[in-house]
Amino acid sequence: MTAEHAGLPQLNRTLHPSPKPPVRIVHLGLGAFHRSHQAWYTHKAADAAEWGIAAFTGRRPDAALALAEQDGLFTLVERADSGDSFTVVGSIAEAVDGADVKRLAELVSAPATAVITLTITEAAYRLGTDGQLDASAPDVVADLALLGSGGAPSTPLGRLVFALAARRASGAGPLAVVCCDNLSDNGTVARNAVAGLARAWDTGLGAWIAENVSFVSTSVDRITPRTTDADIDAVAQACGYRDNSPVVAEPFANWVLSGEFPAGRPRWEDAGAVFVDHIEPYENRKLWLLNGAHSLLAYAGQLRGHTTVAEALADAVCLDAVERFWDEAEANLSSAGAGGADLQIPAYRAALLDRFSNARIAHHLAQIAMDGSTKLRMRAVPVMLAERSQGRSGAAAALMIAAWADFSAAAETVQDPLATEVAAANRLSGTERVRALLALVDPAAAADAAVVELVTGLLGTFVAAAPAT
Ligand code: CS2
0 MTAEHAGLPQ
10 LNRTLHPSPK
20 PPVRIVHLGL
30 GAFHRSHQAW
40 YTHKAADAAE
50 WGIAAFTGRR
60 PDAALALAEQ
70 DGLFTLVERA
80 DSGDSFTVVG
90 SIAEAVDGAD
100 VKRLAELVSA
110 PATAVITLTI
120 TEAAYRLGTD
130 GQLDASAPDV
140 VADLALLGSG
150 GAPSTPLGRL
160 VFALAARRAS
170 GAGPLAVVCC
180 DNLSDNGTVA
190 RNAVAGLARA
200 WDTGLGAWIA
210 ENVSFVSTSV
220 DRITPRTTDA
230 DIDAVAQACG
240 YRDNSPVVAE
250 PFANWVLSGE
260 FPAGRPRWED
270 AGAVFVDHIE
280 PYENRKLWLL
290 NGAHSLLAYA
300 GQLRGHTTVA
310 EALADAVCLD
320 AVERFWDEAE
330 ANLSSAGAGG
340 ADLQIPAYRA
350 ALLDRFSNAR
360 IAHHLAQIAM
370 DGSTKLRMRA
380 VPVMLAERSQ
390 GRSGAAAALM
400 IAAWADFSAA
410 AETVQDPLAT
420 EVAAANRLSG
430 TERVRALLAL
440 VDPAAAADAA
450 VVELVTGLLG
460 TFVAAAPAT
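Right, here's the structure in full:
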């Protein structure tokens, strides 16, 4: 707390009267994005008074402790080029340390609980390149041992499986698990990961999940950088109270969902959520155009000395790389894959340029650069392979991989689920090194000598921009 806020009252449900809604949604992965997205959609639903969220943190309790002090309330700062607007979001009824698996099991097994939402990061699903659970991953092995011995699992997936076992035992019936991580076909990914872990522990639980849990696929979108001390100050100044957990996001928000909700759901459509039968075209549009450009800017931009998305986009070299990648992605979005959906790609691209240039949102490239091996698998590889299968080079998508390779060799630390393997690959040289790095992203691409050669030829494309004179 800075001294200037010392005299201000803290945000809570006495200062800002708003009844706590009853818990009917359990969320895993309490972070800034959950609060700017699912919590905000739930707050805006016409039936918000009936739908409270119990949100559990991942590795650390901090976010839960800070929110619990404020009865779950926080301020959403919608930051447009033209200024900020402030909304107190009341949908989080309970904020809990993720390590409290007993409370998680209690809430998931309560009959009132109808929905479990997840933002646990792409890397947490622990799927191998075959799309099935990697039962040899060390944390999966450790969680299986804990589950078997009656201990408390420590990964989000392990905790979820533990809680679903409690729901099965309580007879509370079917519910929906809604994956809100940036993965293609994320409902299926979540199903494979959860059911795979459950079956490895207890085949009966695996069968119960197959019968009773609906895995909903979604495409989620709202640019949400980490909260800074300056954001806390901005809220204090504008709102006249102290909020230790505000969240800043762009005004834009999008949520496309596909799947069944056997025990009901909030009226998220009141806040603009869209329910569709075929989600794949929307997922690919978002993953390739938005997230793909983000990853490209994260590596190319940092190699050229930039810190934020807006700065990188203002560099003509980075912008050109993004436009070329978008051309390749667009060629594969507009064709048969769109399944009749009107994706309005030119308008979507134009809107992205606007959103990325919002210089008031300091979206740090270093944050986006994390977990590259997993992210590039969804963001670069499908576009590159689709292009190549049609006889074109896929060079713009391959450039994203080359930029990651250059960045991963130059960076002081690389945060990635495969960080050790990335470091080992970077000790090799030439095509050997590129092949080893590619194998961490997509083994099939690594086995294709022409792809290895393509990526190798693109190394070193991004060099530091000359300082302005
Ligand atoms: C970003 C996303 O960090 C990243 O990988 O690409 O978090 C992105 O900001 C969101 O998906 C926007 O909806």
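Residues in the sequence shown are numbered consecutively from 0, following numbering that gives the first Met the number 0.
All C-beta atoms in this analysis are idealised placements derived from N, C-alpha and C, irrespective of residue type, glycine included.
What you are looking at is a predicted structure, and each value in this text was computed from that prediction instead of being measured.
- Here TRP207 carries a helix assignment [DSSP, helix/strand/coil].
- Of the candidates LEU286, GLY205 and ALA409, the residue whose Cα lies closest to the Cα of GLY195 is GLY205.
- LEU332 is positioned such that its CB atom lies closer than 8 Å to that of LEU342.
- Measuring C-alpha to C-alpha distances from VAL188 to each of THR154, LEU375, LEU72 and ALA123 identifies ALA123 as the nearest.
- Taking every protein chain shown into account, the CB of HIS305 has 16 or more other CB atoms within 10 angstroms, so this residue is buried.
- Apart from the 5 residues on each side of it in sequence, VAL215 sits with its Cβ closer than 8 Å to the Cβ of ALA175, VAL176, VAL177, CYS178, GLY186, LEU256, SER257, GLY258, GLU259 and PHE260 in its chain, given in chain order.
- DSSP places ILE52 in the uninterrupted beta strand (DSSP E) bounded by 51-55.
- By the criterion of a C-beta distance shorter than 6 Å, TYR281 is surrounded in its chain by SER218 and VAL255, once the five residues flanking it on both sides are discounted.
- Contact check for PRO442 against ASP370 fails: the beta carbons are separated by 8 Å or more.
- For LEU437, the enclosing alpha helix (DSSP H) stretches over residues 429-440.
- Pairing LEU302 with PHE461 gives a Cβ-Cβ distance under 8 Å.
- In this structure LEU163 does not touch TRP200 by the C-beta definition: roughly 11 Å separates them, more than the 8 Å allowed.
- In this structure, the alpha-carbon of VAL88 lies about 6 Å from that of PHE73.
- Going by DSSP, GLU420 is part of no beta strand (DSSP E) but of the alpha helix (DSSP H) stretching over 418-425.
- Per the C-alpha coordinates, the member of ILE222, VAL246, SER213 and GLU452 positioned closest to ALA229 is VAL246.
- For ILE24, the enclosing beta strand (DSSP E) stretches over residues 22-27.
- In this structure, DSSP gives GLU411 a state outside helix and strand, which the three-state scheme calls coil.
- The beta-bridge partner set that DSSP reports for ALA79 consists of GLY82.
- Residue pairing of ILE91 in beta bridges, as defined by DSSP: ILE52.
- TRP254 is bridged by DSSP to VAL219.
- Bounds of any alpha helix (DSSP H) do not take in VAL462, whose DSSP letter is neither H nor E.
- Scanning its chain for C-beta atoms nearer than 7 Å, with the 5 sequence neighbours on each side dropped, one finds around LYS43 the residues ASP269 and ALA270, in chain order.
- Set against 7 Å, the gap from the CB of ASP138 to the closest heavy atom of the ligand CS2 is not smaller.
- For ALA199, the enclosing alpha helix (DSSP H) starts and ends at 185-200.
- For ALA111, the closest of LEU318, ILE52 and GLN131 by C-alpha to C-alpha distance is ILE52.
- In the DSSP assignment, THR373 falls outside any beta strand (DSSP E) and within the unbroken alpha helix (DSSP H) covering 371-378.
- Closest option to ASN357, judged by alpha-carbon separation, among ALA309, ARG225 and GLY203: ALA309.
- As a beta-bridge residue in DSSP terms, ARG241 pairs with GLN9.
- With a 10 Å radius around the Cβ and a threshold of 16 neighbouring Cβ atoms, SER392 comes out exposed.
- Among the bridge pairs identified by DSSP, CYS178 is matched with LEU117.
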